[in-house]
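Asks: Below you'll find the structure I mean.
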Amino acid sequence: MGSITSLIDIAQQALMADQEALNVTSNNVANQNTAGYTRQVVNFQSVDAVTLSGSTFGSGVTASATSQRDRVLEQQVQQQTQTQAQSGAFESALQQVENIFGLSSTTSSASSTVLGTAINSFFSSLTALASNPSDTATRQNVLTAANTLAGAFNSASNQLAQVSTSLNQQVVGDVSQVNSLTKTIASLNAQITSSSPNADAGALEDQRQLAIAQLSKLVGLNQISTENNGITLTTSSGAVLVSGSKSFPVSTTLVGGTIHILAGVDGQDVTSNLTGGDLGGVLQARDQQLPSYQNELDSFAFGIGSAVNAQNELGVDGNGNPGAALFSLPPTPSGAAALIAVATTDPNAIAAAAPGEGSAGNANVLAGLSSAGVMGGQTASEFLASFLGQIGSDASAATTNNSAQQATLTQLTTQRDSLSGVSLDQEAANLTQYQRAYQSAAQVFNIANSIMASALNLGVQTTVT
């Protein structure tokens, strides 16, 4: 009777184990589209054997579920997510700069852009003035073209400033999301440490990994595993974001009109050392590329304005007086593109005549500035072509890099998903296997039950079971 009872116990354990396996399969199928879910697999383990009368017998099976994850591969995906997010944010910022100057795949030359057209129109108006220096309408056309040129510089400078302001706002928004996620991760850390300090935490760990993946899109991270299944997160510069059950909020401060980022226990300024994620790309564009473009634009406006002013001051205006500055400029190139303006509304202020010479002598020289090396040996057109070419080259390189980073991320994600993702085909096969095993265990239970009934009834067929 003892052996029959053991057989029933074993069958019962088999039924329970197979039921657990069916539950795991059902859970996998249900969570196929759940973000961050890691496929669970069933581990069957034999229960310790027992020895009776010198003979050893198995005593059944138990089943447990574990998440199918590769922590090394997960960290590779997170790191690549940080790299791709930075390259994507950087590409987006440079595309905005391209739009400011009217650069596109259909733009054939710098002269067809707004700034290039304004420069050509200005020098063309001076050429027309050299042919008819006494005509008031022609003189007015020069002032109109000069205002258009100054306006083109003003507009480009203002739009660059707007991009910088937009990036500042993006920094503030990203920081807010970072703080929300680090708080969530710290809370999950506490739950995991409490409920599963020495083993995979299943759904809780999925939630934590999903939060870390979302955080990786925002900022570069270093992840350190700690005791009791916890983690510590720091920025790429080493400032602590999460340590155990405690998160350390990131904050922002205004320094010289620019948003800076403070992080870590002591609130260090990590702005210059922060890389990775959307924040890394935004800071790279805002603090490196945009100031470079703004400086070039300021130098360009200052160079053209100064050359025209200097030459106009050497001539004689329409009133017979010595020429004066045609453009108002700051004392240095800094801010020149935003501040350049036409200094007069009087058409006679244009000094078309040269002292002691014909009435168009100085106008010819002014028009000739279009082919003079007013920008460190380069003509205005050559400098503009070089400047816009650099912007286009930088934007193209950013696009190429982002595409490469995205391809690498896709490859790593595919590798991870092949291990951790749910395959309906695999789950269908598992469902059939576990269902058949359950039916087999049930049949063993029925046989044991029949034997037990026969033994109780001494082999006599009765209705007792």
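Under our numbering, the first residue of the sequence shown is numbered 9, with each subsequent residue one higher.
For every residue, glycine included, the Cβ atom is placed at its ideal position computed from N, Cα and C.
(1) For N230, report the span of its beta strand (DSSP E) as first-last.
(2) Assuming L249 and T261 form a contact by the criterion Cβ under 8 Å, report the distance between their Cβ atoms to the nearest whole angstrom.
(3) Over the uninterrupted beta strand (DSSP E) stretch that includes T261, give me the two end residues.
(4) Counting Cβ pairs, one atom from each stretch, are 3 or more of them under 8 Å apart for the stretch 349 to 365 and the stretch 326 to 337?
(5) Would you call I232 buried or exposed, if buried means 16 or more other Cβ atoms sit within 10 Å of its Cβ?
(6) Starting from the C-beta of M9, find all residues in its chain whose C-beta is less than 6 Å away, skip the five residues before and the five after it, and write them out in chain order.
(7) Among T173, G252, N149, S117, which has the Cα closest to the Cα of A194?
(8) Just list the residues that DSSP pairs M383 with in beta bridges.
(9) Quick check on G181: does DSSP put it in helix, strand or coil?
(10) One question on the structure: do R77 and S428 come within less than 7 Å of each other, judged by their Cβ atoms?
(11) Starting from S251 and walking both ways along the beta strand (DSSP E), at which residues does that stretch end?
(12) Report the option in L466, A461, L439 whose CA atom is closest to the CA atom of N35.
(13) Check for me: the beta strand (DSSP E) holding N238 runs from which residue to which?
(14) Taking a contact to mean a Cβ-Cβ separation below 7 Å, would you say S307 touches P341 in this structure?
(15) Tell me which same chain residues have a C-beta within less than 6 Å of the C-beta of A118, skipping the five on either side of it?
(16) Tell me D277's beta-bridge partners as DSSP assigns them.
(17) Please go through the same chain and pick out, in chain order, the residues whose beta-carbon is closer than 6 Å to the beta-carbon of S95, but skip the five residues on each side of it.
(18) Look up V186 in the DSSP assignment and give the residues it is bridged to.
(19) Classify P330 as helix, strand or coil using the three-state DSSP reduction.
(20) Measure from the alpha carbon of V278 to the alpha carbon of each residue in G265, A247, Q296, G285, then state which is nearest.
(21) Do A164 and I108 have their beta-carbon atoms positioned less than 7 Å apart in this structure?
(22) What residue does the beta strand (DSSP E) around Q296 start on, and which one ends it?
(23) How would you label E99, buried or exposed, when you count the other beta carbons within 10 angstroms and need 16 or more for buried?
(24) Three-state secondary structure (DSSP) at A359?
(25) Verify whether the separation of the beta carbon atoms of G285 and Q103 is less than 7 Å.
(26) Over what stretch of residues does the beta strand (DSSP E) that includes F98 continue unbroken?
(27) Please go through the stretch 376 to 437 and give each complete alpha helix (DSSP H) segment of 4 or more residues, from N-terminal end onward.
(28) Does the distance from the C-beta atom of L196 to that of R216 stay below 7 Å?
(29) By alpha-carbon positions, which one of P338, R294, G289, L134 ends up nearest to A309?
(30) Which residue marks the beginning of the alpha helix (DSSP H) containing F256, and which one marks its end?
(31) What three-state label does DSSP hand T135 in the structure shown?
(32) At the level of alpha carbons, what is the spacing between D402 and T283?
(33) Quick one: grab the DSSP three-state call for M9.
(34) According to the Cβ coordinates, are N155 and V316 closer than 7 Å?
(35) Which one or two residues does DSSP pair with T74 in a beta bridge?
(36) Rounded to the nearest angstrom, what separates N206 and T234 at their Cα positions?
Replies: Concretely, from the data shown:
(1) In the sequence shown, counting from the first residue as 1, residue 230 sits at position 222. First-last of the beta strand (DSSP E) with N230: 229 to 234.
(2) For this step, residue 249 is matched to residue 241 along the sequence shown. For this step, residue 261 is matched to residue 253 along the sequence shown. Beta-carbon to beta-carbon, L249 and T261 are separated by about 18 Å, too far to satisfy the 8 Å threshold.
(3) On the sequence shown, residue 261 is found 253 positions in, with the first residue counted as 1. 259 to 263 is the span of the beta strand (DSSP E), which, as asked, contains T261.
(4) Short answer: they touch.
(5) Counting from one through the sequence shown, the residue named residue 232 turns up at place 224. By the 10 Å Cβ count, I232 comes out exposed.
(6) For the purposes of this step, residue 9 is taken as residue 1 along the sequence shown, with counting starting at 1. Residue confidence is low: M9 scores 43 on pLDDT, short of 50, so the model does not pin down where it sits. Its coordinate-derived value is still stated next. Counting only Cβ-Cβ distances below 6 Å, and skipping sequence neighbours, we find nothing.
(7) In the sequence shown, residue 194 corresponds to position 186, counting from 1. For the residues T173, G252, N149, S117, the minimum Cα distance to A194 belongs to G252.
(8) Reading the sequence shown from its first residue, position 375 is the one you call residue 383. Assignment of beta-bridge partners to M383 by DSSP yields Q386.
(9) Position 173 of the sequence shown, counted from the first residue, corresponds to residue 181. If DSSP states are grouped into helix, strand and coil, G181 belongs with the helices.
(10) Your numbering for residue 77 matches position 69 in the sequence shown. Your numbering for residue 428 matches position 420 in the sequence shown. In terms of Cβ geometry, R77 and S428 form a close pair [threshold 7 Å].
(11) Here residue 251 refers to the residue found at position 243 of the sequence shown. Its beta strand (DSSP E) spans residues 248 to 251.
(12) Along the sequence shown, one-based indexing puts residue 35 at 27. Ranking the options by Cα distance to N35, first place goes to L439.
(13) Along the sequence shown, one-based indexing puts residue 238 at 230. Before going on, a small fix: residue 238 reads as Gly here, not Asn. From DSSP, the beta strand (DSSP E) with G238 extends over 238 to 243.
(14) The residue labelled residue 307 in the question sits at position 299 within the sequence shown. The residue labelled residue 341 in the question sits at position 333 within the sequence shown. Yes, the pair counts as a contact, with Cβ atoms nearer than the cut-off.
(15) The count along the sequence shown starts at 1 and reaches residue 118 at position 110. Contacts found: G124, L392, A393, L396.
(16) What you label residue 277 is simply residue 269 of the sequence shown in a count that begins at 1. L270, per the DSSP bridge assignment.
(17) On the sequence shown, residue 95 is found 87 positions in, with the first residue counted as 1. The beta carbon of S95 sits closer than 6 Å to the beta carbons of N409, N410, Q413 from its chain, once the five residues preceding and following it are set aside; these are given in chain order.
(18) Along the sequence shown, read from residue 1 onward, the residue named residue 186 stands at position 178. Among the bridge pairs identified by DSSP, V186 is matched with none.
(19) For the purposes of this step, residue 330 is identified with residue 322 of the sequence shown, where counting begins at 1. Correct three-state label for P330: strand.
(20) Position 270 of the sequence shown, counted from the start, is the residue given in the question as residue 278. With respect to the C-alpha of V278, the residue from G265, A247, Q296, G285 having the closest C-alpha is A247.
(21) For the purposes of this step, residue 108 is taken as the residue at position 100 of the sequence shown. For the purposes of this step, residue 164 is taken as the residue at position 156 of the sequence shown. Yes. Within cutoff.
(22) Numbered from its first residue, the sequence shown carries residue 296 at position 288. Element bounds for Q296: n/a, residue is neither H nor E.
(23) Residue numbering aside, residue 99 sits at position 91 when the sequence shown is read from its first letter. Residue environment: E99 is assigned as buried (16 or more neighbouring CB atoms within 10 Å of its CB, all protein chains considered).
(24) For the purposes of this step, residue 359 is identified with residue 351 of the sequence shown, where counting begins at 1. The answer is coil: DSSP assigns A359 none of H, G, I, E or B.
(25) To locate residue 285, count along the sequence shown from 1; it is residue 277. To locate residue 103, count along the sequence shown from 1; it is residue 95. Result no, Cβ atoms of G285 and Q103 do not sit closer than 7 Å.
(26) Stepping through the sequence shown from its first residue, residue 98 is reached at position 90. Counted as a single uninterrupted DSSP element, the stretch harbouring F98 is not any beta strand (DSSP E) but the alpha helix (DSSP H) occupying residues 79 to 108.
(27) If only complete runs of 4 or more residues are kept, the stretch 376 to 437 shows the alpha helix (DSSP H) at 388 to 428, in order along the chain.
(28) Reading the sequence shown from its first residue, position 188 is the one you call residue 196. Reading the sequence shown from its first residue, position 208 is the one you call residue 216. In this structure, R216 lies closer than 7 Å to L196 by Cβ.
(29) Mapped onto the sequence shown, residue 309 falls at position 301. Shortest Cα-Cα distance from A309 to any of P338, R294, G289, L134 involves P338.
(30) Within the sequence shown, numbered from 1, the residue matching residue 256 stands at position 248. Premise fails: F256 is in no alpha helix (DSSP H) and is neither H nor E.
(31) For this step, residue 135 is matched to residue 127 along the sequence shown. DSSP places T135 in helix when its eight states are reduced to three.
(32) Translated into the one-based positions of the sequence shown, residue 402 becomes position 394. Translated into the one-based positions of the sequence shown, residue 283 becomes position 275. Taking the straight line joining both Cα atoms gives about 19 Å.
(33) Within the sequence shown, the letter at position 1 stands for residue 9. Residue confidence for M9 is low, a pLDDT of 43 falling below 50, so the modelled location carries little weight and cannot support an answer.
(34) Position 147 of the sequence shown, counted from the start, is the residue given in the question as residue 155. Position 308 of the sequence shown, counted from the start, is the residue given in the question as residue 316. Their beta carbons are not under 7 Å apart, which means N155 does not touch V316 by this criterion.
(35) One-based indexing of the sequence shown puts residue 74 at position 66. Paired residues: V49.
(36) As a working mapping, residue 206 is identified with position 198 in the sequence shown. As a working mapping, residue 234 is identified with position 226 in the sequence shown. Distance from the CA atom of N206 to the CA atom of T234, rounded to whole angstroms, is 11 Å.
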